[in-house]
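Okay, so here's the structure we're looking at.
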Amino acid sequence: MDEASFQPDYFAGTVPPAPGGVHAVAPGVYWLRMPMPMALDHINLWLLEDGEGWTIVDCGLCNDTTRQAWEQVFEQHLQGRPVRRVVCTHLHPDHVGLADWLCRRWNAPLLMTQGEYLSARIIGAGLPPTDTAGLVEHFRVHGAQPAHLQALRARGNLYMQLVPSLPLTFQRLEAGQRLRIGAAEWQVIEGGGHSPEHAALWCSQQRLLIAGDLLLPRISTNVSVYPMEPESDALGRYLRSLDRFDALDAQTQVLPSHGLPFRGVHSRVRQLRAHHAERLLLLLQACAQRALSAADMIPLLFRRELDVHQLGFALGEAIAHAHRLWATGALSRRLDADGIIRFTAEAASDQHREALARAAAGLAMPLGS
Ligand SMILES: [Zn+2]
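Sequential numbering of the sequence shown, starting at 45, is according to this note's numbering.
Laid out in structure tokens, this is it:
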């Protein structure tokens, strides 16, 4: 089979539940969907039967629309039983935004990995270099245009705006930990690259994977390098995380945070590797022609117009791809006299470059080459 082809099998249908509604996807497991006022216009959340009560997985954005939708769920779908626990897969505002409200509303604990929880507290407090000035400097050394930096300054600290408060304590989730939720046992699968220590949940009895943002059916997960870990190989961490999904049952039903629940975990992982290998190859080719900053790479990776918000994601993604190749030795990285970091590649044959890009994405060479 072509490694880049993937037709998701949408086992739960293609009509998502309305806001405030629920849709059973497996015994004791319900799918919720909340709208979002941005290009990515929704998030999926999960409600799990948990003995005498319920466990919520992910919370939605902190706004009145989402609060109202939750109130409707509480009124119509909890059968008079309380929410006992609130799990957050990771720190992003669409996942953790309403965590504080939900935990207070139900006097329930927040369950999160330590990496996600502490990072959320640090970013939420605006500690340098996770604040606006730190982000602006990070983007400046990677070649962002003055107009982009100005727009970032004007926007201010988006995380503090979107996550105004967090629970002051948490219960730690750890890689490999088994959580009993109702009659089912769920195992924490930790993953990096998208966020510090993302927790996906795997239930082998039901062959269900609550994937969070680590595995989505249509869009590729954003992988970025951030100011607090400016030399990180985030894409390498993400690709190694995908290995853990290779080990799951082929019939696994994936419950993603965006898009529709699907089957086809192995072919989706293969397709993502091929996608990143293709992008890595583009960068290798371009950096053999001339030294490029990460900002110079954006038009190679993204062919559409980008707004400030998308430009930030795109630059983070460009740095992550360049750092993957830097980590394998395929690109060199230097700080030029103008204060900008640029990447260069040695001259190489097309075949050699393809081998480097595929190896960096964790793919073997195709048979016959
Ligand atoms: Zn996310």
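Just so you know, even glycine gets a beta-carbon here, dropped at the ideal spot from N, CA and C.
Under DSSP, the alpha helix (DSSP H) around residue i begins and ends at which residues?
| i | result |
| --- | --- |
| G168 | 158-168 |
| P52 | No alpha helix (DSSP H) holds P52; DSSP gives it neither H nor E. |
| I363 | 352-371 |
| M341 | 338-345 |
| G178 | 176-185 |
| A391 | Per DSSP, A391 belongs to no alpha helix (DSSP H) and is neither H nor E. |
| L196 | 190-199 |
| I202 | It is Leu, not Ile, that sits at residue 202 in the sequence shown. Unbroken alpha helix (DSSP H) run through L202: 202-206. |
For the beta strand (DSSP E) containing residue i, list its first residue and its last residue.
| i | result |
| --- | --- |
| F387 | 385-388 |
| Q215 | 215-217 |
| Y74 | 73-79 |
| V298 | 297-300 |
| A255 | 252-256 |
| D94 | 86-94 |
| R224 | 222-225 |
| A243 | 242-247 |
| R378 | 376-379 |
| V232 | 228-235 |
| H67 | 67-70 |
Do residue i and residue j have their C-beta atoms closer together than 7 Å?
| i | j | result |
| --- | --- | --- |
| H365 | L316 | no |
| P52 | F306 | yes |
| V127 | W150 | yes |
| A321 | A401 | yes |
| G24 | R281 | Because residue 24 is not part of the residues shown, which for the chain are 45 to 413, the question remains open. |
| T99 | L142 | no |
| L350 | I225 | no |
| H242 | H134 | yes |
| V232 | Q221 | yes |
| S209 | D108 | no |
| M80 | T174 | no |
| G406 | S268 | no |
| M82 | A113 | no |
| Q215 | P137 | no |
| H367 | D277 | yes |
| F415 | R312 | The requested residue 415 does not occur in the structure, where the chain is confined to residues 45 to 413. |
| A391 | A332 | yes |
In terms of alpha-carbon separation, which member of the options lies closest to residue i?
| i | options | result |
| --- | --- | --- |
| I87 | E119, P126, I254, E93 | I254 |
| L146 | R129, L359, Q329 | R129 |
| E229 | R251, A62, R368, S209 | R251 |
| F183 | A219, A164, S337, G280 | S337 |
| L105 | T99, G95, L84 | L84 |
| A404 | N266, L210, R284, P137 | R284 |
| S239 | I225, E160, V207, R262 | E160 |
| E275 | W246, G235, R378 | R378 |
| S376 | I342, S393, A335, R348 | A335 |
| L223 | L359, A371, L155, T176 | L155 |
| L245 | P71, A62, D102, A399 | D102 |
| A389 | D108, L355, L324, A291 | L324 |
| D340 | I363, W75, W370, L210 | I363 |
| D2 | R125, V117, R77 | With the chain covering 45 to 413 only, the question about residue 2 has no answer from this structure. |
| I263 | E181, H319, A113 | H319 |
| I167 | V207, L212, W75 | V207 |
| L179 | E218, E96, G356 | G356 |
| Q295 | P137, V352, H310 | H310 |
| P61 | R368, L76, Q158, F50 | L76 |
| G64 | A70, Y74, G57 | Y74 |
| A399 | A381, T372, D380 | T372 |
| H353 | A195, P172, E96, F55 | A195 |
| I342 | A381, A358, T176 | A358 |
| L212 | R197, T176, L162 | L162 |
| F346 | Y270, D380, A227, N266 | N266 |
| L217 | C132, A198, L292 | C132 |
| G235 | H192, Y270, T157, R348 | T157 |
| E115 | A177, V140, V66 | V66 |
| Y270 | V69, E181, V140, A70 | E181 |
Do the stretch 252-267 and the stretch 292-304 touch if we need at least three Cβ pairs shorter than 8 Å?
-> yes
Three or more beta-carbon pairs under 8 Å between the stretch 197-208 and the stretch 110-121, yes or no?
-> no
Do three or more CB pairs link the stretch 175-190 to the stretch 378-392 at distances below 8 Å?
-> yes
3 or more residues per run - each beta strand (DSSP E) lying fully within the stretch 280-338 = 297-300
May I have a chain-ordered list of the beta strand (DSSP E) segments no shorter than 3 residues that lie completely inside the stretch 102-143?
-> 127-131
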